[in-house]
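>
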Amino acid sequence: MRDWRFTVRQLVKNPLSLIGIILIAIFVIIAIFAPLIAPTPADYHKDPYMIPRDGYSAEPRPPNELHPFGTTQGQYDIFYGVIWGTRSAFRIALVVISITLLVGIVLGSLAGYFGGVIDEVIMRITDIFMAFPWLILAMALVAVLGPSMKSVMIALCAVWWPSYARLIRGDILQVREEDYVEAARGLGASSGRVIMRHVLPNAIYPALIMASLDIGAVVLSAAALSFLGLGAPEGYADWGQLTQFAQNYIIGPMNDPLKYWYAVTIPGLFIFFFVLGWNLLGDAFRDIFDPRLARR
Amino acid sequence: MELRAYIIRRVLLLIPVLLGVTLFIFGITMLFSPIERASLYVSSIRDLSDLPEIIARFGLDRPFFMQYGTWINQVLHGNLGWSTVGGMPVWDSIWNFLPATLELAIFAAPLIVFTGIFLGTRAAAHKDKSIDHATRVLAISGWSLPSFWLGLILMMIFYGLIRGLLPPGRLSVEMDFVIHSAEFIRYTKINTIDAILNLNGPVLLDALRHLILPVITISTVNIAFIMRLMRSSMLESLGKGYVLTARAKGLSERVVVNKHARRNALIPVITVSGYVFAGLASGAVITESIFTYKGIGWWAYQAASRLDIASILGFALFTGVLFVLVNLVVDVIYTRVDPRVRLGGEIQ
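These protein sequence lines map, in sequence, to chains A and B. Sequential numbering of the first sequence, starting at 16, is according to my numbering. Sequential numbering of the second sequence, starting at 15, is according to my numbering.
1. Quick check for students: name the residue ranges of the beta strand (DSSP E) that lie wholly in the stretch 202-286 of chain A, counting only runs of 3 or more.
2. Could you give the uninterrupted runs of the alpha helix (DSSP H) lying entirely in the stretch 125-157 of chain A, keeping only those of 4 residues or more?
3. What residues are listed by DSSP as bridge partners for residue 96(B)?
4. State yes or no: is the beta carbon of residue 242(A) nearer than 8 Å to at least one beta carbon in chain B?
5. Between which two residues does the alpha helix (DSSP H) holding residue 241(B) run?
6. Give the straight-line distance between the Cα atoms of residue 183(B) and residue 306(B), rounded to the nearest whole angstrom.
7. Determine the burial state of residue 324(A): buried for a count of at least 16 other Cβ atoms within 10 Å of its Cβ, exposed for fewer.
8. What are the start and end residues of the alpha helix (DSSP H) that includes residue 208(B)?
9. Using only the alpha-carbon positions, how far apart do residue 134(A) and residue 127(A) sit?
10. Is the CB-CB distance between residue 104(B) and residue 112(B) below 8 Å?
11. Which of the residues in the stretch 291-302 of chain A, read from start to end, lie with their CB under 7 Å from any CB of chain B?
12. Taking Cβ to Cβ, would you say residue 43(A) is nearer than 8 Å to residue 282(A)?
13. Answer with buried or exposed for residue 91(B), where buried requires no fewer than 16 other C-beta atoms within 10 angstroms of its C-beta.
14. Once you ignore the five residues that flank residue 138(A) on each side, which residues in its own chain have a CB closer than 8 Å to its CB?
15. Can you give me the C-alpha to C-alpha distance between residue 154(A) and residue 266(A), rounded to a whole angstrom?
16. So, helix, strand or coil for residue 146(B), using DSSP?
17. Output needed for residue 80(B): all residues of its chain with C-beta closer than 8 Å, excluding positions within five of it in sequence on either side, in chain order.
18. From 159(B), 286(B), 336(B), pick the residue whose C-alpha is nearest to that of residue 310(B); which is it?
19. Tell me the DSSP secondary structure of residue 58(A) in three-state form.
20. On the DSSP bridge assignment, give the partners of residue 91(A) in chain order.
21. Here's the rule I'm using: 16 or more other beta-carbon atoms within 10 Å means buried, otherwise exposed. How should residue 309(A) be labelled?
22. Using CA coordinates, which residue listed in 53(B), 117(B), 261(B), 223(B) is at the minimum distance from residue 298(B)?
23. For the alpha helix (DSSP H) holding residue 170(B), just list the boundary residues, first then last.
24. Note the first and the last residue of the continuous alpha helix (DSSP H) segment covering residue 51(A).
25. On the CB-based measure, 16 or more other CB atoms within 10 Å of its CB, does residue 280(A) come out buried or exposed?
26. What three-state label does DSSP hand residue 76(A) in the structure shown?
27. Run through DSSP, which three-state label would residue 306(B) get?
28. Report the partner residues of residue 86(A) according to the DSSP bridge assignment.
29. Counting only beta-carbon atoms, is residue 175(B) nearer than 8 Å to chain A?
30. Closer than 7 Å by beta-carbon distance: list the chain B residues that pair up with residue 158(A), in chain order.
31. Is residue 93(A) near residue 101(A), with beta carbons less than 8 Å apart?
32. Contact check, residue 120(A) vs residue 168(A) under 8 Å by CB: the rounded distance?
33. List, in order along the chain, the chain A residues whose C-beta lies closer than 9 Å to that of residue 163(B)?
34. From the DSSP output, in three-state form, read off residue 141(B) for me.
35. Can you list the residues of chain A that residue 159(B) reaches, using a CB-CB cut of under 7 Å?
36. Could you give the DSSP three-state label for residue 16(A): helix, strand or coil?
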């Protein structure tokens, strides 16, 4: 943490990471002020995360005064959907990242600190999870649990934890051999105390930063699941689902092939810029933190 | 370690991984009640009275490990069960859908690996120059694109705006007739290869026309990934002592980069390329679904969304075997790229 200010200065100096920070800031503002940007209709009795509809006809309608981004299949308001969808995106990402980090920290430190059989068992379990395509595993889980935001979160947690467990195990393996850990053990501290007070605080920062930068990746995966119809219930403000609604309206009639461009383009751009923001920031961080590339 | 002993050991290691994967999937599907699982085999409402019989016949109400044991026993006898999605046995479905996916992989894999390595090398050799910045922006953008959205946008432009140019599916209707006719021999069921072997130009062109968009969709993210990996691996390699030595000897920059630095930088890239290929060959679920390109990924997606348990388990076995085999091949390639690497060990 000693060069925290140096890091921040580097991030702001680099135009790419600066764009990333600005993109993320815009999305944070959208998420916080969603009720002001896209207010729920006055007589709305449903969950505010459910997109209001203007009729039931299937065909999307282009942007107009009432619906600045138009309506998608089923007359769901696209503007309302993408604005509140920003909140859904942050919610999924924060829940999935905190749970998987917690699981990763517990299992990773057990494996890394104790080694031997415990390490072997935990690492073989992560092997099993990583040998299987994550999307199919997540799909099977959502299918069994029934499509809902909660199922998506559970499924993503199930496929995401092994990478953190491995990352943290690796960091712990390095710290475990340090003199101060040896000293604490020599003074008779219990394993739990050594892990909690001496090993983890010194091993955890790279993992914490990497994990927070995974927010974009989690949102991308959740959107893919939603797009495949295995996510939010119909009408829930969710970028992946809005893209799926547009799937039947990619191609317009003969004389106007791009008639429904807004239905597919707008939700996709929100996903893209959100993920791009996190990846731009992540790329800069990786350069700063990669010790092999430091001072070159 | 001798090559044969090493391969045998690695194949044996496959067993616990496969048991683990299938046990996990089996466990998930067992969350359904026997009635729910039996009803997957009932096609019409009139047959609902058959449910108790189906449950009894297949032992769907027996304890978890007995059912799992039955499944394992059948697998060992070469019976993977019936795929309701494929309308044929699971084993036949895999063989039926695999050629389409392989066709995609055959075109996408070289594109991904060579473009990625080439751009990554250029970026590292010209660090902080304009090509480095340009490829960085391209890579991060490609990496951030939702592939399902990219596919839809490509289709909007090349199928909608330029009406009918690059259609979805695997072949147009007329060409589908041709390949199923008596004169056309389907040696491999990979349409482009069969078309070349049959010296049939129209089929080849039609197959290629259908392949372009899925290949681009699937490659974009992966090229970005390989390129960034190659760049950082190359940067590390360029900082090593032997590169300094090579430069000091007065070798040209081209030889230093291409011969000395790149060879060593390739090692992590080969590993990841192996995973990328295994991922491609086990089916690109999203790409195949968008373009209704009926390969393994499309089949697995249908199976997962319709809870076709036998198919999901069969797919799990297939991908598990594929990943381990690809890993094995990658390890053997290592010894060719880097003579210091010994099988089963780290770099000395």
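Backbone N, C-alpha and C fix where the C-beta goes; we use that ideal spot for every residue, glycine too. Being a predicted model, the structure only gives us computed values, none of them experimental.
With the structure as the only source:
1. Segments of the beta strand (DSSP E) lying fully in the stretch 202-286 of chain A: there are none.
2. Runs of the alpha helix (DSSP H) lying entirely within the stretch 125-157 of chain A, each at least 4 residues long, are 131-145 in chain order.
3. Within the second sequence, the letter at position 82 stands for residue 96(B). Beta-bridge pairing links residue 96(B) to 103(B).
4. Stepping through the first sequence from its first residue, residue 242(A) is reached at position 227. With 8 Å as the cut-off, residue 242(A) counts as an interface residue toward chain B.
5. The residue given as residue 241(B) occupies position 227 in the second sequence. Residue 241(B): member of the alpha helix (DSSP H) spanning 215-252, first to last residue.
6. Along the second sequence, read from residue 1 onward, the residue named residue 183(B) stands at position 169. Along the second sequence, read from residue 1 onward, the residue named residue 306(B) stands at position 292. Cα to Cα, the separation comes out at about 5 Å.
7. Outside the shown range of chain A, which is 16 to 311, sits residue 324(A), and nothing can be said about it.
8. The sequence position of residue 208(B) within the second sequence is 194, counting from 1. Counting along the chain, the unbroken alpha helix (DSSP H) around residue 208(B) starts and ends at 205-211.
9. Against the first sequence, residue 134(A) aligns to sequence position 119. Against the first sequence, residue 127(A) aligns to sequence position 112. Here the alpha carbon of residue 134(A) sits roughly 6 Å from the alpha carbon of residue 127(A).
10. For this step, residue 104(B) is matched to residue 90 along the second sequence. For this step, residue 112(B) is matched to residue 98 along the second sequence. No.
11. Against chain B - using a Cβ distance shorter than 7 Å - the residues of the stretch 291-302 of chain A are 291, 294, 295, 298.
12. Translated into the one-based positions of the first sequence, residue 43(A) becomes position 28. Translated into the one-based positions of the first sequence, residue 282(A) becomes position 267. Taking 8 Å as the Cβ cut-off, residue 43(A) and residue 282(A) do not qualify as a contacting pair.
13. The residue you call residue 91(B) lines up with position 77 of the second sequence. Residue 91(B) comes out exposed.
14. Within the first sequence, numbered from 1, the residue matching residue 138(A) stands at position 123. Excluding sequence positions up to five before and after residue 138(A), its CB lies within less than 8 Å of the CB of 126, 181, 184, all in the same chain and listed in chain order.
15. For the purposes of this step, residue 154(A) is taken as the residue at position 139 of the first sequence. For the purposes of this step, residue 266(A) is taken as the residue at position 251 of the first sequence. Between the C-alpha atoms of residue 154(A) and residue 266(A) there is a straight-line separation of about 28 Å.
16. By one-based count along the second sequence, residue 146(B) stands at place 132. Shown here, residue 146(B) sits in a helix according to DSSP, grouped into three states.
17. The residue you call residue 80(B) lines up with position 66 of the second sequence. The answer, listed in chain order, is 73.
18. By one-based count along the second sequence, residue 310(B) stands at place 296. Just measuring C-alpha positions, the residue of 159(B), 286(B), 336(B) sitting nearest residue 310(B) is 336(B).
19. Stepping through the first sequence from its first residue, residue 58(A) is reached at position 43. In this structure, residue 58(A) counts as coil in the three-state DSSP scheme.
20. Walking along the first sequence from the start, residue 91(A) turns up at place 76. DSSP output for residue 91(A) lists 68(A) as bridge partner(s).
21. Within the first sequence, the letter at position 294 stands for residue 309(A). With a pLDDT of only 46 at residue 309(A), under 50, the local geometry of the prediction cannot be trusted, and the value read off the model is given with reservation. By the neighbour-count rule (16 or more Cβ atoms within 10 Å), residue 309(A) is not buried but exposed.
22. Against the second sequence, residue 298(B) aligns to sequence position 284. Of the candidates 53(B), 117(B), 261(B), 223(B), the one whose C-alpha sits nearest the C-alpha of residue 298(B) is 117(B).
23. Position 156 of the second sequence holds residue 170(B). Per DSSP, residue 170(B) is not a residue of any alpha helix (DSSP H), being assigned neither H nor E.
24. Here residue 51(A) is taken as the residue at index 36 of the first sequence, counted from 1. Run containing residue 51(A): 49-52, per the alpha helix (DSSP H) assignment.
25. Looking up residue 280(A) in the first sequence gives position 265. Classified as buried, residue 280(A) has 16 or more neighbouring CB atoms from the shown chains inside 10 Å of its CB.
26. As a position in the first sequence, residue 76(A) is number 61, starting the count at 1. Looking at residue 76(A) - three-state DSSP - the assignment turns out to be strand.
27. By one-based count along the second sequence, residue 306(B) stands at place 292. DSSP places residue 306(B) in coil when its eight states are reduced to three.
28. Counting from one through the first sequence, the residue named residue 86(A) turns up at place 71. Note: residue 86(A) sits in a beta bridge opposite 76(A), 92(A).
29. Position 161 of the second sequence holds residue 175(B). Answer yes: the Cβ-Cβ gap between residue 175(B) and chain A drops below 8 Å somewhere.
30. Position 143 of the first sequence, counted from the start, is the residue given in the question as residue 158(A). The contacting residues are 318, 319, 321.
31. Against the first sequence, residue 93(A) aligns to sequence position 78. Against the first sequence, residue 101(A) aligns to sequence position 86. The Cβ atoms of residue 93(A) and residue 101(A) lie no closer than 8 Å to each other.
32. Working through the first sequence from its first residue, we reach residue 120(A) at position 105. Working through the first sequence from its first residue, we reach residue 168(A) at position 153. Their Cβ separation, rounded to whole angstroms, is 18 Å, which puts residue 120(A) and residue 168(A) out of contact at 8 Å.
33. As a working note, residue 163(B) is residue 149 in the second sequence. Against chain A, a Cβ distance below 9 Å from residue 163(B) picks out 238, 242, 258, 279, 280, 282, 283, 284, 286, 287.
34. Residue 141(B) sits at position 127 when you count from the first residue of the second sequence. Residue 141(B) falls in the coil class under three-state DSSP.
35. Position 145 of the second sequence, counted from the first residue, corresponds to residue 159(B). Going along chain A in sequence order, the residues near residue 159(B) (Cβ under 7 Å) are 287.
36. As a first step, residue 16(A) is located in the first sequence; it is residue number 1 there, counting from the start. Legend: pLDDT at residue 16(A) = 48, less than 50; position of this residue unreliable, no value from coordinates given.
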